[in-house]
Structures are given as C-alpha cells and as structure tokens.
Amino acid sequence: MNPTFSVRGESRVYIGPAGELLPGVLPEGRVVVVSDTEVDRLFRPLWASRDTVLIGTGEGGKTLQTVETIYRRFIELGVDRSTFVLAVGGGIVTDTAGFAASTYMRGLDFGFVSTTLLGQVDASVGGKNGVNVDGYKNMAGTFTQPQFVICDPVLLATLPDREFRAGLAEAVKAAVIADEELFARLEEATFEELRRNTDLLSDVISAAIRVKADIVERDEREGGERRKLNLGHTLAHAIEKSSDRMNHGEAVAVGTVLIARAAVRLGVLAAADCDRIAALLAKLGFVLESPVGMDRLLREVAKDKKNKDGELRIVLPTRIGDCDVRPFTPERFAELFV
Ligand code: GLY
Numbered sequence: 043m044n045p046t047f048s049v050r051g052e053s054r055v056y057i058g059p060a061g062e063l064l065p066g067v068l069p070e071g072r073v074v075v076v077s078d079t080e081v082d083r084l085f086r087p088l089w090a091s092r093d094t095v096l097i098g099t100g101e102g103g104k105t106l107q108t109v110e111t112i113y114r115r116f117i118e119l120g121v122d123r124s125t126f127v128l129a130v131g132g133g134i135v136t137d138t139a140g141f142a143a144s145t146y147m148r149g150l151d152f153g154f155v156s157t158t159l160l161g162q163v164d165a166s167v168g169g170k171n172g173v174n175v176d177g178y179k180n181m182a183g184t185f186t187q188p189q190f191v192i193c194d195p196v197l198l199a200t201l202p203d204r205e206f207r208a209g210l211a212e213a214v215k216a217a218v219i220a221d222e223e224l225f226a227r228l229e230e231a232t233f234e235e236l237r238r239n240t241d242l243l244s245d246v247i248s249a250a251i252r253v254k255a256d257i258v259e260r261d262e263r264e265g266g267e268r269r270k271l272n273l274g275h276t277l278a279h280a281i282e283k284s285s286d287r288m289n290h291g292e293a294v295a296v297g298t299v300l301i302a303r304a305a306v307r308l309g310v311l312a313a314a315d316c317d318r319i320a321a322l323l324a325k326l327g328f329v330l331e332s333p334v335g336m337d338r339l340l341r342e343v344a345k346d347k348k349n350k351d352g353e354l355r356i357v358l359p360t361r362i363g364d365c366d367v368r369p370f371t372p373e374r375f376a377e378l379f380v
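Right, here's the structure in full:
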C-alpha cells in the first residue's frame, strides 16, 4: 500500500478510505484511540472496541487542561511507551492528542485519521501539535510527525456546510501561496460540486497537501519558508481572539483578503489578482468583512506574544501561486490599513 505523500520520510499521508487503510498502517501492539464525542458518535466502527479517550468538541477544549485529562486517562488505562496512539477527528483532536502523545512518557508513536476538511488540507499534516494558552493560539506544542495521516474524503459527507467551507479557506490559502493551478480549479468549481464530487474533492485535498508537504520538507520547524503557510493568519488569529462569531477558516478567509488588499497598496500584488482572491472566497460563500473593527484587530496583533523581537513576519501574496514573507513592526503593519 503506497502512501500518497511522504513528509520528511517520517510521516506517510494517505488519501483514501479510512476503513480499508487503517488495518494496514496500525502497528501490531496495543493501540489507544483519542477522539471527540461527535466523531465517536459518527465513526466509532472505524476503531471498534479499542480503549478510547474522548474529549469535548470545540476550540475552547484545545487546552493544557484537556491534555492533562488525556494523560490521566492514559495512566488509568496503563498506556506505556509501547502503546500507539490513534487520534481520530478534526484539527482540535489531532493537535491536542498529537501534543499529548508526543509528550506523555517523553513521547509515544501516533497516527491520525483526519475527519474534517480543515484537518485534511492543513492541521493534521506537517507535524505541528499543540494547544492554546489563555486564548493565544498554539502557544504550547511540539513539532513531531505522526507516523501516518489518513485523509478520507468520504468521511467529510457528514460535515456541516459551515465546517466544510472553513476547510476550503485553507485550500485557497495553499493555492494562493504556491499553486496557481489549484486556484484555477477552485475558481471553476462551485461549493456544491466540491461538496458532492469526491474525485474533485480528492484532487483538491491532494494538491493542498502537496503544497504543505513540499514546504514542510524544506522547513519543518518554521525557521523560514513554513511561515508562508500562515498567509492571512496574523489577522485571522486577531479576529478569533476578539470575537467568537467566526471559526478559524472563516477568519482566515477575511485575513487573506485583508492582507491581499494591503499587498496591493504596497505595490507587491496586482489589483486583478487581489480581486480574483476575493471573488473566489466570496463565491465559496465566505463573508469577507471582519466582525470587529480594524483598530481592535491591530491592537490584538501588536499584543501577540508570538512576535519575534517585536517584529511580525507577514506573508504577502505577490501573485496567485507565490508569496513573500517580510518583517514588519506592529506600527508599520498598522500603516498598511490606514
Ligand atoms: N498551519 C500552518 C502550519 O502547519 O505550518
């Protein structure tokens, strides 16, 4: 059984039916599953009677407290260094369980079945695991590659439209930063076609993972190029911190359009390309207005604890399929929006 991608020779990514792929990738020994209550309700037959740790749903549960709950259950279940952890769920489950697995007893092997589009095109691939601290995204975490990631497009049939759309924002992001062809394919498709046509969806997932896998191959620990994957995310994180009206993907869509407009004002992106980005996101059904004012967002950006030496690393699209990462002071960044 050949993986669709290999990331750094450490992680195999498969796009296909989870039920058929899982028996071939799970190790012989003990496997403990981490999932959430909703995924358990929908997909329990995938892992049947294996010991299972369930966490709650929602970004609010991506915390150190949840990680501690997982550790405690692992201790109760007698999980040891020889146990394999299988996380089944969306980005919240895989980020949190990946962090718990990569730190429990100094690290267990783990793998993912990703059950959301956002997880499949972005969160589950690339080895970033982590949780939020005091609302700051991913402040505690590790870079540890899962042994495998299974992305089964058929599992996405039960996703609500809103969550499916959130994943499309990350696919558009991948297209804008590095894949003009994927962008054109998304321009040709309707939201309904993407929802219904599994072949089309598999192609989109595969192209978005290709973008990410290629970048992570060259820069696993975000010393440079991996920052490109944060297109639109500086403002998106500020939106998510200031308002609970948008989920991550919805905030990324707004952040991407705001930064594309800023790139036009800076003279690094053609207005026509910015219009294409905004038109594609609008066609996919995204609201492109921030739920909170720019002043509030810029205050959040300036406060962001992740700023390096007081500087932001901002991803600017330079054309469809290419981008540049540039340093900005928060003050200089704010000037892009006056
Ligand atoms: N989601 C961005 C990254 O994995 O680097």
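According to the working numbering, the sequence shown is numbered sequentially starting from 43. Note that CB positions come from ideal geometry on N, CA and C, so glycine has one too.
Supposed close pair residue i, residue j - CB separation, criterion 8 angstroms
{"i": "Lys104", "j": "Asn174", "result": "5 angstroms"}
{"i": "Asn171", "j": "Gly161", "result": "Contact flag wrong, Cβ pair sits at about 12 angstroms."}
{"i": "Gly61", "j": "Asp221", "result": "Contact doesn't hold; Cβ gap of about 30 angstroms is too wide."}
{"i": "Glu163", "j": "Ala216", "result": "For clarity, residue 163 is Val in the given sequence; the question names Glu instead. Right, their Cβ atoms sit about 7 angstroms apart."}
{"i": "Asp137", "j": "Ala165", "result": "6 angstroms"}
{"i": "Arg368", "j": "Leu378", "result": "Contact doesn't hold; Cβ gap of about 11 angstroms is too wide."}
{"i": "Gly209", "j": "Leu159", "result": "3 angstroms"}
{"i": "Glu441", "j": "Thr99", "result": "In the structure as shown, the chain begins at 43 and stops at 380. Residue 441 is therefore absent and cannot be evaluated."}
{"i": "Leu64", "j": "Val155", "result": "7 angstroms"}
{"i": "Arg207", "j": "Gly291", "result": "7 angstroms"}
{"i": "Ser53", "j": "Phe190", "result": "7 angstroms"}
{"i": "Thr186", "j": "Gly169", "result": "6 angstroms"}
{"i": "Leu228", "j": "Val218", "result": "With a Cβ gap of about 10 angstroms, Leu228 and Val218 do not count as contacting."}
{"i": "Val167", "j": "Val49", "result": "7 angstroms"}
First through last residue of the beta strand (DSSP E) which encompasses residue i
{"i": "Phe116", "result": "Where Phe116 is concerned, there is no enclosing beta strand (DSSP E), although the alpha helix (DSSP H) it sits in stretches over 106-119."}
{"i": "Ile219", "result": "No beta strand (DSSP E) holds Ile219; the alpha helix (DSSP H) holding it covers 203-220."}
{"i": "Ser285", "result": "Where Ser285 is concerned, there is no enclosing beta strand (DSSP E), given that its DSSP letter is neither H nor E."}
{"i": "Met43", "result": "Taken as a continuous stretch (DSSP letters only), Met43 belongs to no beta strand (DSSP E), as it is neither H nor E."}
{"i": "Ser53", "result": "53-57"}
Span of the alpha helix (DSSP H), counted from its first residue to its last, around residue i
{"i": "Phe85", "result": "79-85"}
{"i": "Thr240", "result": "240-260"}
{"i": "Arg191", "result": "The sequence given here places Val at residue 191; Arg does not occur at that position. Here Val191 belongs to no alpha helix (DSSP H); instead the beta strand (DSSP E) covers 190-193."}
{"i": "Val67", "result": "60-67"}
Those residues which DSSP pairs with residue i across a bridge
{"i": "Asp73", "result": "Before going on, a small fix: residue 73 reads as Val here, not Asp. DSSP output for Val73 lists Phe126 as bridge partner(s)."}
{"i": "Phe370", "result": "Leu354"}
{"i": "Gly183", "result": "Gly172"}
{"i": "Arg237", "result": "DSSP output for Arg237 lists no bridge partner at all."}
{"i": "Leu96", "result": "Ser77"}
{"i": "Arg361", "result": "Asp364"}
Segments of 4+ residues assigned as alpha helix (DSSP H) that fall wholly inside the region 114-168: Entirely contained in the region 114-168, the alpha helix (DSSP H) runs reaching 4 residues are, in chain order, 133-145.
Could you check whether the region 274-294 touches the region 254-264, counting it as contact only if at least three pairs of C-beta atoms, one from each stretch, sit closer than 8 angstroms? Taking a cut-off of 8 angstroms for Cβ pairs, the region 274-294 and the region 254-264 do not touch, as fewer than three such pairs fall below it.
Within the region 287-351, note down every full alpha helix (DSSP H) run reaching 4 residues or more, in order along the chain. Listed in chain order, the complete alpha helix (DSSP H) runs (minimum 4 residues) inside the region 287-351 are 290-308, 313-325, 336-345.
Contact between the region 266-276 and the region 240-250 is defined here as three or more beta-carbon pairs at a separation below 8 angstroms; is this criterion met? Inter-segment contact for the region 266-276 and the region 240-250 is absent: fewer than three beta-carbon pairs are separated by less than 8 angstroms.
Take every Cβ of the region 116-124, pair it with every Cβ of the region 138-157, and state whether three or more of those distances are shorter than 8 angstroms. Enough Cβ pairs lie closer than 8 angstroms, so yes.
Do the region 330-345 and the region 280-294 meet, that is, are 3 or more Cβ pairs less than 8 angstroms apart? Taking a cut-off of 8 angstroms on C-beta distances, the region 330-345 touches the region 280-294, as three or more cross pairs fall below it.
Are there three or more Cβ pairs, one per stretch, closer than 8 angstroms when the region 68-84 is compared with the region 120-130? By the C-beta criterion, the region 68-84 is judged to be in contact with the region 120-130, since at least 3 inter-stretch pairs fall below 8 angstroms.
Evaluate the contact criterion for the region 341-356 versus the region 231-246: three or more CB pairs, one atom per stretch, below 8 angstroms. No, the region 341-356 is not in contact with the region 231-246.
Taking contact to mean 3 or more Cβ pairs, one atom from each stretch, closer than 8 angstroms, check whether the region 313-332 and the region 292-301 are in contact. In this structure the region 313-332 lies against the region 292-301, because at least three pairs of beta carbons, one per stretch, are closer than 8 angstroms.
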